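Undergrad: Listed in order, the protein sequences are those of chains A and B.
For the first sequence, position 214 matches number 214 in this note's numbering, and the numbering has no gaps at all.
Just remember that this note's numbering sits 233 ahead of the position in the second sequence, which is counted from 1.
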Amino acid sequence: MKNDDKIKILVIEDDPVITEFLSTGLKYEGYEVLPRITGKSGLDAWQQIRVDLIILDVMLPDIDGFEVCRYIRDHGSELPILMLTVRKEVSDRVKGLDSGADDYLTKPFSFEELLARIRALLRRGGKVTENSRLRVENLELDLETREVSRSGERVALTPTEFGLLELFMRYPHRVFTRETLLNRVLGYDFDGGTNIVDVHISHLRNKLGDRPPHLIRTIYAVGYAFYPEETSG
Amino acid sequence: MRFWEKLSLRARLGLLYAALLAISVVVVGGYSYWNIWQLFIRNKSCHIRARAKPVIEHWLRDNGLAKADSSLSPLKSQTALLLARDLTSRDTVAIIVNRKGDIIANGKRLPEEPVAPAPDEQYLRRALSGENEVTYRGQVKGKPVLVMLIPLRPHPASARVFGVVQMSTTLADIKAILFRHGAMLVSLMAIILILGITTGFWLIGISLRDLQGLLASCNQISRGNFSKVVSVKNRHDEIGQLALSFNHMLEKLEAAFASQRRFVANAAHELMTPLTGLRGSLEVLLRGAQDDPAAIARLSRGMYKEVNRLIRLCEQLLGLSRLENTVNVCKQPLVLSEFFDDFIARARLLAGERSVVLQPGVDARISADPDLLQQVLLNLLSNALRYSATETLIVISWKLLPQEVEIRVSDQGQGIDAEILPHIFEPFYQGKSVVVSGEKGIGLGLSLAKAMVEAHQGTIRITSEPGEGTTVYFTLPLQ
Numbered sequence: 001m002k003n004d005d006k007i008k009i010l011v012i013e014d015d016p017v018i019t020e021f022l023s024t025g026l027k028y029e030g031y032e033v034l035p036r037i038t039g040k041s042g043l044d045a046w047q048q049i050r051v052d053l054i055i056l057d058v059m060l061p062d063i064d065g066f067e068v069c070r071y072i073r074d075h076g077s078e079l080p081i082l083m084l085t086v087r088k089e090v091s092d093r094v095k096g097l098d099s100g101a102d103d104y105l106t107k108p109f110s111f112e113e114l115l116a117r118i119r120a121l122l123r124r125g126g127k128v129t130e131n132s133r134l135r136v137e138n139l140e141l142d143l144e145t146r147e148v149s150r151s152g153e154r155v156a157l158t159p160t161e162f163g164l165l166e167l168f169m170r171y172p173h174r175v176f177t178r179e180t181l182l183n184r185v186l187g188y189d190f191d192g193g194t195n196i197v198d199v200h201i202s203h204l205r206n207k208l209g210d211r212p213p214h215l216i217r218t219i220y221a222v223g224y225a226f227y228p229e230e231t232s233g
Numbered sequence: 234m235r236f237w238e239k240l241s242l243r244a245r246l247g248l249l250y251a252a253l254l255a256i257s258v259v260v261v262g263g264y265s266y267w268n269i270w271q272l273f274i275r276n277k278s279c280h281i282r283a284r285a286k287p288v289i290e291h292w293l294r295d296n297g298l299a300k301a302d303s304s305l306s307p308l309k310s311q312t313a314l315l316l317a318r319d320l321t322s323r324d325t326v327a328i329i330v331n332r333k334g335d336i337i338a339n340g341k342r343l344p345e346e347p348v349a350p351a352p353d354e355q356y357l358r359r360a361l362s363g364e365n366e367v368t369y370r371g372q373v374k375g376k377p378v379l380v381m382l383i384p385l386r387p388h389p390a391s392a393r394v395f396g397v398v399q400m401s402t403t404l405a406d407i408k409a410i411l412f413r414h415g416a417m418l419v420s421l422m423a424i425i426l427i428l429g430i431t432t433g434f435w436l437i438g439i440s441l442r443d444l445q446g447l448l449a450s451c452n453q454i455s456r457g458n459f460s461k462v463v464s465v466k467n468r469h470d471e472i473g474q475l476a477l478s479f480n481h482m483l484e485k486l487e488a489a490f491a492s493q494r495r496f497v498a499n500a501a502h503e504l505m506t507p508l509t510g511l512r513g514s515l516e517v518l519l520r521g522a523q524d525d526p527a528a529i530a531r532l533s534r535g536m537y538k539e540v541n542r543l544i545r546l547c548e549q550l551l552g553l554s555r556l557e558n559t560v561n562v563c564k565q566p567l568v569l570s571e572f573f574d575d576f577i578a579r580a581r582l583l584a585g586e587r588s589v590v591l592q593p594g595v596d597a598r599i600s601a602d603p604d605l606l607q608q609v610l611l612n613l614l615s616n617a618l619r620y621s622a623t624e625t626l627i628v629i630s631w632k633l634l635p636q637e638v639e640i641r642v643s644d645q646g647q648g649i650d651a652e653i654l655p656h657i658f659e660p661f662y663q664g665k666s667v668v669v670s671g672e673k674g675i676g677l678g679l680s681l682a683k684a685m686v687e688a689h690q691g692t693i694r695i696t697s698e699p700g701e702g703t704t705v706y707f708t709l710p711l712q
């Protein structure tokens, strides 16, 4: 699914708060982030380090984002570039795409959308041949048909259960709190206690025939984590 | 009146014009008709009197009546008949009346000769008392006749009147001529009226055309479209002038609205950056960063900063809108030296490693809102601090001018490029200067300073030399 070494994203953005959440969020999703606050330092980083994608703000203190983009394109690089801007005018969007940006996102953007765009750009650039199937041991999950099978046998899951299993299989060994699972699978604005997560997890375990020692383990006082079978013993 | 008010301006003007035209045509036509009538009558009577005069003189002489004493004897019917016959013709008939008012001779003999009307007592008395030119209109069998009375006297200078000749002639011929004339006048009047009213309506339409354009334009504006400009056909008349000044006003309005829109767009733009930070941070936290205490700490610090930035922005926006109303300016007498001693203490706290120096001028009293004045100075100071390196000097000074005091804040910072300088007071306008210390501003500081100074009827200007430093000057009126 992923290359052994992490995907490197160069973030050129002058606002410290935006840089902070981009770094934290992207690192959490498994990317490596190189933050730079000026166009100049961003270009230096691009020349010195092999990165896989650039997130570029239009308004930079020194050179503006369009110029940074044009400079990179003029030097023959086909690196995927995602531009961030506040302006909504069509002319700006056209200008951004003309200068060679691959995609465009208007502030304030949703982080989830940013992730989707990043995945799309990486796929298009051939950096990642993201498999539409996640496979861990005898467990197989098809992201397109949303079908799950264990040892070749189909298991029927509700969308919530499917979401939980996808998350676990994407990030094996990561410990998720009930809060995080709730937010990521049922949405940020879901009203209700975190107990609902336990209910869904228990249904999921039953359907998968998951018995102790569990694939999906309860981490006492924290939440849940997914351990593939080879490490479970 | 109701009906009149409901009419369009064009119809009203047209109707007024038509009425005036009709009245003047009728008056002129009527007057000329009456005039011609009078002229005909005068002409006829003169003609008949002129014809009668030599006949009467002959008759007086032939009958020995021209002597002064002979007139004392009563006029004989026989003699009178001679005169009546001589004066009667195909269209005129004469009768002779004696002093007592009795008809003593009638000239009518032949059937084709007209019938004489009975003498009118009143006119007859006037003629008998010696009036020469008694002419009036009478009727015979319903037909109009002209009657002339000629007093008979021995000789023209004599005061004695011994009889009166009444000559009457028909007016039917004149009536016929006048009827034709009148018919012609009426048809001419009708033609003039029709032509006049048509061209009048057409002309009014032409001159009101710009007004119609104006109306259409107004309707467009009320729908929010400012681009519709009235096309002006004639720029010299009042309506053309109105359309021109309307267009001018439209341009101004459009510019005002555009600047308002720009302001709102810029304000929204400024709101977007902190909101992006807030939204992104929250989302990242919710997606799982909340499981890591270190990430929570970092992200929440950032969010706190963004919220403060939003609050600052809102405060400045409120400040700007409050200054649009001068009621919010509370002026009070201030002594310059006292005010600046207080201020400089605060300024030094903010300055850090840069030194703030006060160079006082001649002390004076001014009338100003101390809070606003302090706000102006703080805004200027924070700009100076933001773009100056450490160990540079910021000088605050004042100088008395005849009517006002000029206050200066100068720094030794990086300065402002010449192409940016003219826009520096525009809201949200920010140059590309790199912030040396502190955070990047919002772009309202100088706009606010300008609004505050102007609320005091002062002026503000800025000079800058890139690399050397910047000086802001503003004036406040003396008390």
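Glycine included, C-beta positions come from ideal geometry on N, C-alpha and C.
Only a predicted model underlies this, so the values are computations on that prediction, with no experimental measurement involved.
Using DSSP with H/G/I as helix, E/B as strand and the rest coil, what is glycine 233 of chain A?
TA: As a first step, residue 233 of chain A must be located in the first sequence, where it is residue number 233. Confidence at glycine 233 of chain A is low in this model, with a pLDDT of 37, below 50, so its placement is unreliable and the value that follows should be read with caution. Correct three-state label for glycine 233 of chain A: coil.
Undergrad: Any C-beta of chain B sitting closer than 8 Å to the C-beta of glycine 20 of chain A?
TA: Your numbering for residue 20 of chain A matches position 20 in the first sequence. Looking at the sequence provided, one finds glutamate at residue 20 of chain A rather than glycine. Yes, contact with chain B.
Undergrad: Would you call the CB atoms of valine 397 of chain B and leucine 361 of chain B closer than 8 Å?
TA: Here residue 397 of chain B is taken as the residue at index 164 of the second sequence, counted from 1. Here residue 361 of chain B is taken as the residue at index 128 of the second sequence, counted from 1. In contact: valine 397 of chain B and leucine 361 of chain B (Cβ atoms closer than 8 Å).
Undergrad: Whole angstroms are fine: how far does the CA of proline 16 of chain A sit from the CA of asparagine 616 of chain B?
TA: For the purposes of this step, residue 616 of chain B is taken as the residue at position 383 of the second sequence. For the purposes of this step, residue 16 of chain A is taken as the residue at position 16 of the first sequence. Each residue's Cα considered, the two are about 20 Å apart.
Undergrad: Cβ of histidine 502 of chain B less than 8 Å from any chain A Cβ?
TA: Counting from one through the second sequence, the residue named residue 502 of chain B turns up at place 269. Yes, because at least one Cβ of chain A sits closer than 8 Å to the Cβ of histidine 502 of chain B.
Undergrad: Considering only DSSP beta bridges, list what phenylalanine 707 of chain B is partnered with.
TA: Residue numbering aside, residue 707 of chain B sits at position 474 when the second sequence is read from its first letter. Phenylalanine 707 of chain B pairs with B/Ile640, B/Ile693.
Undergrad: Lysine 2 of chain A by DSSP, collapsed to three states: which one?
TA: On the first sequence, position 2 is the one that residue 2 of chain A refers to. With a pLDDT of only 43 at lysine 2 of chain A, under the threshold of 50, the placement of this residue in the model should not be trusted; the figure read from the coordinates follows. If DSSP states are grouped into helix, strand and coil, lysine 2 of chain A belongs with coil.
Undergrad: Nearest CA to the CA of proline 660 of chain B: which residue from B/Asp604, B/Pro699, B/Ala500?
TA: Here residue 660 of chain B is taken as the residue at index 427 of the second sequence, counted from 1. The residue with the shortest Cα to Cα distance from proline 660 of chain B is B/Ala500.
Undergrad: Using a C-beta to C-beta distance shorter than 9 Å, which residues of chain B count as neighbours of glutamate 110 of chain A?
TA: For the purposes of this step, residue 110 of chain A is identified with residue 110 of the first sequence, where counting begins at 1. Checking the displayed sequence, the identity of residue 110 of chain A turns out to be serine instead of glutamate. Under the 9 Å cutoff, chain B gives Arg512, Gly513, Glu516.
Undergrad: Among A/Glu29, A/Tyr31, A/Gly30, A/Ile54, which has the Cα closest to the Cα of isoleucine 37 of chain A?
TA: Within the first sequence, the letter at position 37 stands for residue 37 of chain A. Minimum Cα distance to isoleucine 37 of chain A is reached at A/Ile54.
Undergrad: Does DSSP put tyrosine 266 of chain B in a helix, in a strand, or in coil?
TA: In the second sequence, counting from the first residue as 1, residue 266 of chain B sits at position 33. Helix, per DSSP.
Undergrad: Residues bridged to arginine 154 of chain A by DSSP?
TA: Counting from 1 along the first sequence, the entry for residue 154 of chain A is found at position 154. Answer is A/Ser149.
Undergrad: Is threonine 106 of chain A helix, strand or coil when you go by DSSP?
TA: Here residue 106 of chain A corresponds to residue number 106 of the first sequence, with the count starting at 1. DSSP places threonine 106 of chain A in strand when its eight states are reduced to three.
Undergrad: Nearest to glutamine 383 of chain B by CA position, among B/Gly375, B/Val373, B/Phe573, B/Leu357, is which residue?
TA: Within the second sequence, the letter at position 150 stands for residue 383 of chain B. The sequence shown places isoleucine at residue 383 of chain B, not glutamine. Measuring from the Cα of isoleucine 383 of chain B, the nearest candidate turns out to be B/Leu357.
Undergrad: Rounded to a whole number of angstroms, what is the C-alpha to C-alpha distance between aspartate 142 of chain A and arginine 133 of chain A?
TA: Position 142 of the first sequence holds residue 142 of chain A. Position 133 of the first sequence holds residue 133 of chain A. Rounded to the nearest angstrom, the two C-alpha atoms are 4 Å apart.
Undergrad: In the segment 180-192 of chain A, which residues sit with their C-beta less than 7 Å from some C-beta in chain B, listed in chain order?
TA: Residues Thr180, Asn183, Arg184, Tyr188.
Undergrad: Using a beta-carbon distance below 8 Å, is glutamine 742 of chain B in contact with chain A?
TA: Residue 742 of chain B lies beyond the residue range present for chain B, which begins at 234 and ends at 712; the question has no answer from this structure.
Undergrad: Do you know offhand how far glycine 429 of chain B's Cα is from arginine 386 of chain B's?
TA: The sequence position of residue 429 of chain B within the second sequence is 196, counting from 1. The sequence position of residue 386 of chain B within the second sequence is 153, counting from 1. Distance between the alpha carbons of glycine 429 of chain B and arginine 386 of chain B is about 58 Å.
Undergrad: Per DSSP, which one or two residues make a beta bridge with glutamate 354 of chain B?
TA: Taking the first residue of the second sequence as 1, we reach residue 354 of chain B at position 121. Paired residues: none, contrary to the question.
Undergrad: Kindly say whether lysine 2 of chain A, judged by its beta-carbon, lies nearer than 8 Å to any beta-carbon of chain B.
TA: One-based indexing of the first sequence puts residue 2 of chain A at position 2. Below a pLDDT of 50, predicted positions are generally treated as unreliable, and lysine 2 of chain A, at 43, falls in that range; the measurement from the model is reported next regardless. Lysine 2 of chain A does not count as touching chain B.
Undergrad: Kindly indicate if chain A contains any beta-carbon less than 8 Å away from that of methionine 505 of chain B.
TA: If you number the second sequence from 1, residue 505 of chain B lands on position 272. Chain A, which has a Cβ nearer than 8 Å to the Cβ of methionine 505 of chain B, makes this yes.
Undergrad: Rounded to whole angstroms, what's the CA-CA distance from leucine 504 of chain B to leucine 543 of chain B? Just pull it up for me.
TA: Working through the second sequence from its first residue, we reach residue 504 of chain B at position 271. Working through the second sequence from its first residue, we reach residue 543 of chain B at position 310. Approximately 7 Å, taken between the alpha carbons.
Undergrad: In this structure, how does DSSP classify serine 478 of chain B when only helix, strand and coil are distinguished?
TA: As a first step, residue 478 of chain B is located in the second sequence; it is residue number 245 there, counting from the start. Serine 478 of chain B: helix per DSSP, three-state reduction.
Undergrad: Which of the three DSSP states is assigned to arginine 119 of chain A in this structure?
TA: For the purposes of this step, residue 119 of chain A is identified with residue 119 of the first sequence, where counting begins at 1. DSSP places arginine 119 of chain A in helix when its eight states are reduced to three.
Undergrad: When Cβ atoms are compared, which residues of the segment 213-227 of chain A fall closer than 7 Å to chain B?
TA: Answer in chain order: no residues at all.
Undergrad: Identify every residue that forms a DSSP beta bridge with threonine 368 of chain B.
TA: Walking along the second sequence from the start, residue 368 of chain B turns up at place 135. B/Met381.
Undergrad: Would aspartate 604 of chain B pass as a contact of valine 568 of chain B if the rule is Cβ separation under 8 Å?
TA: Against the second sequence, residue 604 of chain B aligns to sequence position 371. Against the second sequence, residue 568 of chain B aligns to sequence position 335. Result no, Cβ atoms of aspartate 604 of chain B and valine 568 of chain B do not sit closer than 8 Å.
Undergrad: Counting only beta-carbon separations shorter than 8 Å, does glutamine 647 of chain B have a partner in chain A?
TA: Looking up residue 647 of chain B in the second sequence gives position 414. For glutamine 647 of chain B, the answer is no, since every Cβ of chain A falls outside 8 Å of its Cβ.
Undergrad: Decide yes or no for the touch test of the segment 69-85 of chain A against the segment 482-502 of chain B: beta carbon pairs closer than 8 Å, at least 3 of them.
TA: No, the segment 69-85 of chain A is not in contact with the segment 482-502 of chain B.
Undergrad: Tell me, to the nearest whole angstrom, how far the beta carbon of leucine 613 of chain B is from that of valine 705 of chain B; I am working on the premise that it is less than 8 Å.
TA: Translated into positions along the second sequence, residue 613 of chain B becomes position 380. Translated into positions along the second sequence, residue 705 of chain B becomes position 472. Indeed, because the Cβ distance is near 5 Å, the residues count as touching under 8 Å.
Undergrad: Could you check whether the segment 370-379 of chain B touches the segment 427-443 of chain B, counting it as contact only if at least three pairs of C-beta atoms, one from each stretch, sit closer than 8 Å?
TA: Result no; under three Cβ-Cβ pairs closer than 8 Å.
Undergrad: Residue range of the beta strand (DSSP E) that phenylalanine 176 of chain A falls in?
TA: One-based indexing of the first sequence puts residue 176 of chain A at position 176. Phenylalanine 176 of chain A -> beta strand (DSSP E) spans 175-177.
Undergrad: Here's the rule: buried if 16 or more other CB atoms are within 10 angstroms of the residue's CB, otherwise exposed. What is arginine 117 of chain A?
TA: On the first sequence, position 117 is the one that residue 117 of chain A refers to. Buried.
Undergrad: Does the CB of proline 159 of chain A have a neighbour CB from chain B at under 8 Å?
TA: By 1-based counting over the first sequence, the position of residue 159 of chain A is 159. Cβ-Cβ to chain B under 8 Å: no for proline 159 of chain A.
Undergrad: Is it buried or exposed, tryptophan 435 of chain B, if we count other Cβ atoms within 10 angstroms and call 16 or more buried?
TA: Residue numbering aside, residue 435 of chain B sits at position 202 when the second sequence is read from its first letter. By the 10 Å Cβ count, tryptophan 435 of chain B comes out exposed.
Undergrad: Output the distance between the C-alpha atoms of serine 41 of chain A and cysteine 69 of chain A, rounded to the nearest integer angstrom.
TA: On the first sequence, residue 41 of chain A is found 41 positions in, with the first residue counted as 1. On the first sequence, residue 69 of chain A is found 69 positions in, with the first residue counted as 1. Cα to Cα, serine 41 of chain A sits roughly 14 Å from cysteine 69 of chain A.
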